[in-house]
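Residue 714 in our numbering sits at position 307 of the sequence shown, and the numbers go up by one each step. Every residue gets a Cβ at the ideal spot worked out from N, C-alpha and C, and that includes glycine. Worksheet: one structure, shown below.
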Amino acid sequence: MSTDPISILSAVPAIALGHYPTPVEELNGLRAALGGGPRLFVKRDDSIGFAFGGNKIRKLELVCARALNEGADTLITAGGVQSNHARVTAAVAARHGLRCLLVANGVPPDKPTANALLDELFGAEVQYVKSREDRSPAMVSAAAHLVAAGRHPYVIPVGASTPLGALGYVRAVGELVDQVTPPDVIVHASSSGGTQAGLVAGCRLYTQRTQVIGVSADDSAESLRQTIATLIAGIETFLQLAPSSLSDGSSLEVEDGFCGDGYGIPTEASREALDLLARRDAILLDPTYTAKAMAALIAYVRESRFRNDQTVLFWHTGGQVNLFA
């Protein structure tokens, strides 16, 4: 059996969900609106093509393959009422004939919209809890009840942000370098840490030089860096690499200055970013994650934090369904 990390990665079981490769497009309209600066590109994971797309699909292709291989008949996961991850998990369950139980923190909507509506259409059962802290105990309890009833549940952590799930974005970097010359910088929305862990590890494997900047939607930079470091350590173990071979910690760049008043609450900068991308390049962002990440990219360009001879790629992680929440 090969010990080459890319060979190991290629052999990881995966179910087919997305349509790949996702497009890479130049953001000429945005660059003109900003008065020049570095060349700007976008990697369109909002256009993956399954269940309204987004970054969770790459993760769940691997995580749900393991669930199916282990004989699961029920997928259990958690998120907010308008969770993108919950929506995609419900869609995967529907595609594969599985039951889906979603634990959502928040108030049950009187009339489901956006992701909550899609959860219902995909046939998911939703259990509501008061807070984020209540989600994990509720998932554990639900799984225990199902096991006692003779079922085979598989619990997926929030965001499918496990080392296995993060491998989806290691693979995604391999896809990117087959499409274009590796960019100097990747900017993306970062929350549960799995996407950034995969991008950092993938860039170390495939490009060696690309800087990855995750823009937090809620957590502090320090908290998110710790989560990402733990996930990368798990990736190194999975790929049979020495500790710290994919990141020594100094490469974990998290920007937490664009969260505003908190999770899901738009800021003036995120509203501007959402409007600019729609009007200049006909690309839709979401108010919770990608608009805040794009606000950071715009600010960095305006502050000349990127050189004009660099290429900067915005990795679009989806979520536009929440425009209709």
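**Prompt:** Skipping 5 residues on each side, what residues in its chain have a beta carbon closer than 7 angstroms to that of E638?
**Reply:** Checking the displayed sequence, the identity of residue 638 turns out to be Leu instead of Glu. For L638, where only same-chain residues beyond five positions count, the Cβ hits under 7 angstroms are S568, P570, A573, G600, G601, A604.
**Sequence-distant residues of the same chain with beta carbon closer than 8 angstroms to Y427, five excluded per side** = I455, E582
**Asked** Taking L730 as the reference, which of T718, L692, H723 has the closest Cα?
**Response** Taking only the C-alpha atoms, the option nearest L730 is L692.
**Item:** Limits of the beta strand (DSSP E) - the one that N476 falls within
**Value:** Where N476 is concerned, there is no enclosing beta strand (DSSP E), although the alpha helix (DSSP H) it sits in stretches over 463-476.
**Request:** Please state if the CB of V577 and the CB of I609 are separated by a distance shorter than 8 angstroms.
**Result:** Here residue 609 turns out to be Gly, not Ile, going by the sequence shown. Yes.
**Item:** Contact the region 651-668 vs the region 417-424: 3+ CB pairs below 8 angstroms
**Value:** no
**Prompt:** Could you give the distance in angstroms between the alpha-carbon of V607 and the alpha-carbon of A511?
**Reply:** If you draw a straight line from the Cα of V607 to the Cα of A511, it is about 29 angstroms long.
**Prompt:** Would the beta-carbon of L505 fall within 8 angstroms of that of D526?
**Reply:** no
**Prompt:** Between which two residues does the beta strand (DSSP E) carrying E660 extend?
**Reply:** From DSSP, the beta strand (DSSP E) with E660 extends over 660-662.
**Request:** May I ask you to verify whether the region 465-481 touches the region 534-548, counting CB pairs closer than 8 angstroms and requiring at least 3?
**Result:** no
**Prompt:** What are the residues that DSSP puts in a beta bridge with A485?
**Reply:** V510
**Prompt:** Quick one: is T496 buried, meaning 16 or more other Cβ sit within 10 Å of its Cβ, or exposed?
**Reply:** buried
**Request:** Specify the secondary structure class of F448 as computed by DSSP and reduced to three states.
**Result:** strand
**Distance between I413 and S598 (C-alpha atoms, nearest Å)** = 26 angstroms
**Item:** Rounded straight-line distance, which links the Cα of R502 to that of A676
**Value:** When rounded, the distance between both Cα atoms is 38 angstroms.
**Message:** Along the chain, where does the beta strand (DSSP E) containing A596 start, and where does it finish?
**Reply:** 592-597
**Request:** Report all residues from its chain with a CB closer than 7 angstroms to the CB of V533; omit the five preceding and five following residues, and keep chain order.
**Result:** Excluding positions up to five away in sequence, the list reads L509, A511, D526.
**Request:** With DSSP as the reference, label L638 as helix, strand or coil.
**Result:** helix
**Stretch-stretch touch, CB-based, cutoff 8 angstroms, three pairs: the region 617-632 with the region 481-492** = Not touching, per the Cβ criterion.
**Request:** With DSSP as the reference, label L681 as helix, strand or coil.
**Result:** Reduced to three states, the DSSP call for L681 is helix.
**Prompt:** For V571, which of helix, strand or coil comes out of DSSP?
**Reply:** What sits at residue 571 in the sequence shown is Leu, not Val. Three-state result, L571: helix.
**Request:** Quick one: grab the DSSP three-state call for Q633.
**Result:** Reduced to three states, the DSSP call for Q633 is helix.
**Request:** May I have the straight-line CA-CA distance separating I705 from L467, to the nearest angstrom?
**Result:** The straight-line gap from Cα to Cα measures roughly 30 angstroms.
**Asked** Rounded C-beta distance between G461 and G726? I'm assuming under 8 angstroms.
**Response** By a beta-carbon distance limit of 8 angstroms, G461 contacts G726. Their separation comes to about 6 angstroms.
**Asked** Below 8 angstroms between beta carbons: does that hold for F457 and L424?
**Response** The answer is yes: Cβ separation under 8 angstroms.
**Request:** For G787, I'd like the list of residues in its chain whose CB is within less than 6 angstroms of its CB, leaving aside the five on either flank, ordered along the chain.
**Result:** Here the chain covers residues 408 to 732 and nothing more, so residue 787 does not appear.
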